[in-house]
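Here is the structure we will look at, set down as structure tokens.
2 protein chains.
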Amino acid sequence: MSAALTRDLRRAAGDAAVLDGDLRHYGHDATEAHGIAGVPAAVVLPSSTAEVAAVLRACDGLDVPVVPRGGGTGLAGGAVPLGGEVVLGLERMVAVRSMAPEHWRTEVEAGLTTGHVHRLARESGLLFPPDPGAAEQSQIGGNVATNAGGPHAFKYGVTGRWVTGLEAVLPSGETVTFGGPVRKDVAGYDLRSLLIGSEGTLAVITAVWLSLTPMPEARLPVAAAFASADAGCDAIEAIVASGLVPAILEYLDAGTLTAAGASFPAVLPPDAGLLVIAEADGSPAEAARVREELLEVLSDGALSTHAPQSRSDVEALWRWRDGVSTAVAAHRGGKMGEDIVVPFDRLREAIAATVEIGARHGLDACSWGHAGDGNLHATMMLRRDDPDGLARAAAAAEDLFAAAVELGGSVSGEHGLGWVKRGQLARQWTEAALDLHEGVKRLFDPKGLLNPQKKLARPS
Amino acid sequence: MSAALTRDLRRAAGDAAVLDGDLRHYGHDATEAHGIAGVPAAVVLPSSTAEVAAVLRACDGLDVPVVPRGGGTGLAGGAVPLGGEVVLGLERMVAVRSMAPEHWRTEVEAGLTTGHVHRLARESGLLFPPDPGAAEQSQIGGNVATNAGGPHAFKYGVTGRWVTGLEAVLPSGETVTFGGPVRKDVAGYDLRSLLIGSEGTLAVITAVWLSLTPMPEARLPVAAAFASADAGCDAIEAIVASGLVPAILEYLDAGTLTAAGASFPAVLPPDAGLLVIAEADGSPAEAARVREELLEVLSDGALSTHAPQSRSDVEALWRWRDGVSTAVAAHRGGKMGEDIVVPFDRLREAIAATVEIGARHGLDACSWGHAGDGNLHATMMLRRDDPDGLARAAAAAEDLFAAAVELGGSVSGEHGLGWVKRGQLARQWTEAALDLHEGVKRLFDPKGLLNPQKKLARPS
Chain A
3 MSAALTRDLR RAAGDAAVLD GDLRHYGHDA TEAHGIAGVP AAVVLPSSTA
53 EVAAVLRACD GLDVPVVPRG GGTGLAGGAV PLGGEVVLGL ERMVAVRSMA
103 PEHWRTEVEA GLTTGHVHRL ARESGLLFPP DPGAAEQSQI GGNVATNAGG
153 PHAFKYGVTG RWVTGLEAVL PSGETVTFGG PVRKDVAGYD LRSLLIGSEG
203 TLAVITAVWL SLTPMPEARL PVAAAFASAD AGCDAIEAIV ASGLVPAILE
253 YLDAGTLTAA GASFPAVLPP DAGLLVIAEA DGSPAEAARV REELLEVLSD
303 GALSTHAPQS RSDVEALWRW RDGVSTAVAA HRGGKMGEDI VVPFDRLREA
353 IAATVEIGAR HGLDACSWGH AGDGNLHATM MLRRDDPDGL ARAAAAAEDL
403 FAAAVELGGS VSGEHGLGWV KRGQLARQWT EAALDLHEGV KRLFDPKGLL
453 NPQKKLARPS
Chain U
3 MSAALTRDLR RAAGDAAVLD GDLRHYGHDA TEAHGIAGVP AAVVLPSSTA
53 EVAAVLRACD GLDVPVVPRG GGTGLAGGAV PLGGEVVLGL ERMVAVRSMA
103 PEHWRTEVEA GLTTGHVHRL ARESGLLFPP DPGAAEQSQI GGNVATNAGG
153 PHAFKYGVTG RWVTGLEAVL PSGETVTFGG PVRKDVAGYD LRSLLIGSEG
203 TLAVITAVWL SLTPMPEARL PVAAAFASAD AGCDAIEAIV ASGLVPAILE
253 YLDAGTLTAA GASFPAVLPP DAGLLVIAEA DGSPAEAARV REELLEVLSD
303 GALSTHAPQS RSDVEALWRW RDGVSTAVAA HRGGKMGEDI VVPFDRLREA
353 IAATVEIGAR HGLDACSWGH AGDGNLHATM MLRRDDPDGL ARAAAAAEDL
403 FAAAVELGGS VSGEHGLGWV KRGQLARQWT EAALDLHEGV KRLFDPKGLL
453 NPQKKLARPS
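Respectively, the protein sequence lines represent chains A and U. If you count the first sequence from 1, you need to add 2 to reach my numbering. If you count the second sequence from 1, you need to add 2 to reach my numbering.
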């Protein structure tokens, strides 16, 4: 770190905000297992929007690039300082600026964990519905910057739907706010939505206004195992066609069940080809009604069903579901997953394509995910004793992206492009659209100092 | 119209697409009563995306400005050719490109009326929730371009929430698509949301992919009259605080009831200071439950309640609500309304401010609107025999905008800036944010040929 940089960062955020010592923690995110890591030029942890602005002004003054960092749970390398950037961590910005349960809203700083936001809402009988996998570690600012999803997105939408306003600092150090505590606003271009999902490449989000909704009193899951992926997909389509609106509509394929099924908290037929999990929520009577109807639709053709009602049994099912990703990783020793998304009616093709693509590259592949949203966690299982497995998985990923676009979908439904998928947007957007993407980046960050090389529209 | 323009437009869209004769219909929108009208240089009605692209290329080649036009129901002058532009009407682009009721989605061209989209969904047991006032005349493309709202936005969100993808033509004539039939997509910057609500100033929307949802089986309204605006606002806040989620949560103030109350289809106390209308929806049992709870909360402090259950009585109530705007206009001979929005808890102040601002300018003022969203139709009543009433209403509008921003809100919750509110964004955004707004316009429309002078961030 140059003396000028140290001096200016300390001046901007205070001596204690500029970390000394081992900075490795800030050199990677959840893609570390795939060898994606860098070394920050410096790590600075400002504790206020004014300090974030001062840090960005200092870096702009020295032409030093900056990587904004939330909880470090990203799965696309979006927060990794691969070019020796300054890492700007939001973890000290954790104030709850306002909480108005009677008006269903809160304003929180970016560094608050998403789990904290969940609890804040729950304590007032409210729900913040977005529930990405790593909610206890991920920060709300990072979730907004990636427009994170999760199982409840089927009924409740992704993170962006719940953001009525945000405060952000531009690379120049200027602070802007778009929206606020209002539920509707069509005065300006929707720059709030433009920043949501921009993965820290346009501005550093420092605070968000969130809309909340009353917590459903009851949440009842229904799981059903089917003999084949096709039979399971038939059932998934039957639920949607029946006009039921489950809060969650998930699936796990045969390979996933092979890796994770042993700890399923009920009887799981050994020959299950697909497991469907739906959740009914609402008032106790409404949830019970939807649960009954889900059971009726799913029972038709199922090998078995499991529809727990006691709190402990319900929790056991979700705990198992939460552990699936870890179980799949443990099955062979590692995994590499992609979050492709396809139109709902192409789900069965995407499930089959994942397995076929794995086989083509000599890898066991499986998938699970958000069936109702057509969003797969298409996963290549890696063996520890397979030195070039990672390279073959990377090649398989390219085929997966191509398959997603071929099926009318997108290369990313949840994780974003980050570093891992930089340039993949060119598969699905036309040249004119890619030009606009790059133009937006230049407009917000003319010097290219904010999270460089991330979320690139075209291969560099 | 110059000979070159005629020739190029005919070449682009066919001879029949370029209108001859009286073009006055295309010279105004719903703001005509306030004297806002222009004369188009030409009117062209392309019937395909390729023709729209050809028209825009032709106009770009001649440096001729273009105003895109939907149903002409706008309330901000956004589709009015005030500088003698070419009007590009979408009314011949009415194809339903796909309809998949079993997957809750449709792809329709921009010129289809929103009412047609409602019926298309309803025929399949589905709901397209956005319900702006002029749905039978407004076109879905225009509704997306203004991100239209309506009563059901309280529970179901505004138009943009239901748009998963759109096809649009840039001023250069390039066609782009952002999103599609997928329910999630975080690969690129959210340029879909950026075009939603951009009021035809960035691109011409030619088709949209819409998400639909199962039609609630039952919809039951509850109306309650209160002695004062404060008592009514207490009740509105009590509903939200109680954790009920009505589909609709509307209010009408004393002045509105004076103008429109005579035809209310039930007994309305003569001294009513505020009327609240909520709607319970869902399965028959769920709607009945929510209706009961709404009645319980609203009865506390109400002068009277009206909660019809028969289809004809329910329809009579909504028919009355739909006619309120017309009744208010008829009361004195005319009206001028603004769609300000404030944080939910500032609604009562905005209601009071509207009346005070009217009085300050010598005008009877009233308001009604989407209470749950804090979105007022703040309205100045105009007398036919008051020659400078319009000028005083315009001055009052400036005060209303200032009041909305002062209360933490926005100058527009539904109608957009258009021509009427051009420059008003400067009240609520900082200089850096306004610069970005203008930068986005330059990025999409470097020559400034698309809907010039509309949705300006700063006063020109």
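We put the CB at the ideal spot given by N, CA and C, even for glycine.
Query	Result
Could you tell me which chain U residues have their CB closer than 9 Å to the CB of R163(A), listed as they occur along the chain?	G159, R163
From L297(U) to A226(U), what does the alpha carbon distance come to, in whole angstroms?	8 Å
Sorted by chain position, which residues of the same chain lie with C-beta nearer than 6 Å to A331(U)'s C-beta, five sequence neighbours on each side aside?	K337
Spatial neighbours of P183(A) within its chain, please: C-beta separation below 6 Å, excluding the five flanking residues on both sides.	R107, W211
Where does P153(U) land, buried or exposed, given buried means 16+ other C-beta within 10 angstroms?	buried
Is the segment 187-207 of chain U touching the segment 411-422 of chain A in the sense that three or more CB pairs, one from each, lie closer than 8 Å?	yes
Alpha carbons only, please: which of I279(U), D17(U), A35(U), G135(U) is nearest the one belonging to V45(U)?	D17(U)
With a CB to CB cut of under 6 Å and the five nearest residues on each side skipped, what residues in its chain are close to C368(U)?	D255, G257, T258, T381
Can you list, in chain order, the residues of its chain whose CB lies under 6 Å from that of T356(U), leaving out five sequence neighbours each side?	A367, S369, A380
Using the beta-carbon count (16 or more within 10 Å), is H27(A) buried or exposed?	exposed
Pick out the complete beta strand (DSSP E) segments inside the segment 194-257 of chain A, 3 residues or longer, and give them in chain order.	206-213, 220-228, 250-255
What does R291(A) reach in chain U if we use C-beta pairs closer than 9 Å?	S285, A287, E288
Are the C-beta atoms of E281(A) and some chain U residue less than 7 Å apart?	no
Under a CB-based cut-off of 7 Å, is H27(U) close to chain A?	no
Check the Cβ of V413(A) against every Cβ in chain U and list those closer than 8 Å, keeping chain order.	A189
Report the neighbours of A14(A) on chain U: residues whose CB is nearer than 7 Å to its CB, in chain order.	Residues of chain U passing the Cβ test: none, with the nearest at roughly 18 Å.
Can you give, in chain order, each stretch of the beta strand (DSSP E) that sits fully within the segment 276-338 of chain A and has at least 3 residues?	276-284, 306-308
Please list the partners that L305(U) has in chain A, where partner means a Cβ-to-Cβ separation under 7 Å.	Chain A residues near L305(U): none, gap ~24 Å exceeds 7 Å.
At 4 residues or longer, and completely inside the segment 367-421 of chain U: list those alpha helix (DSSP H) runs for me, N to C.	391-408
E109(A) bridges to which residues according to DSSP?	S100(A), W211(A)
Who are the near neighbours of G527(A) in its chain, counting only those whose CB is closer than 6 Å to its CB and skipping five residues on each side?	There is no way to answer for residue 527(A), as the model of chain A reaches only from 3 to 462.
Any beta-carbon of chain C closer than 7 Å to the one on E294(U)?	As a matter of chain content, chain C is missing from the structure shown, whose protein chains are A and U.
Just curious, the alpha helix (DSSP H) that E440(U) is in, first and last residue?	433-446
Looking at A14(U) and A60(U), is the spacing between their C-beta atoms short of 7 Å?	yes
Under 9 Å between beta-carbons, which chain U residues line up against E239(A)? List them in chain order, please.	E104, H105
Distance check for D192(U) and E408(A), CA to CA, integer angstroms please.	21 Å
Is T179(U) helix, strand or coil by DSSP?	strand
At the 7 Å Cβ level, is L196(A) part of the contact set with chain U, yes or no?	yes
Suppose contacts are defined by Cβ-Cβ distances below 7 Å. Is I207(A) in contact with A237(A) by that definition?	no
Hey, could you find the ends of the alpha helix (DSSP H) L122(A) is sitting in?	116-124
To the nearest angstrom, how far is the alpha carbon of T179(A) from that of G425(U)?	18 Å
Specify the secondary structure class of G91(U) as computed by DSSP and reduced to three states.	strand
Check the Cβ-Cβ distances between K449(U) and every residue of chain A, and say whether any is below 7 Å.	no
List the residues of chain U that G1(A) touches, going by C-beta distances under 9 Å, in chain order.	Past the edges of chain A, shown from 3 to 462, lies residue 1(A), and the structure says nothing about it.
Can you tell me whether K443(A) is buried or exposed? The criterion is at least 16 other CB atoms within 10 Å of its CB, across all chains shown.	buried
Thinking C-beta only, is E111(U) closer than 7 Å to A209(U)?	yes
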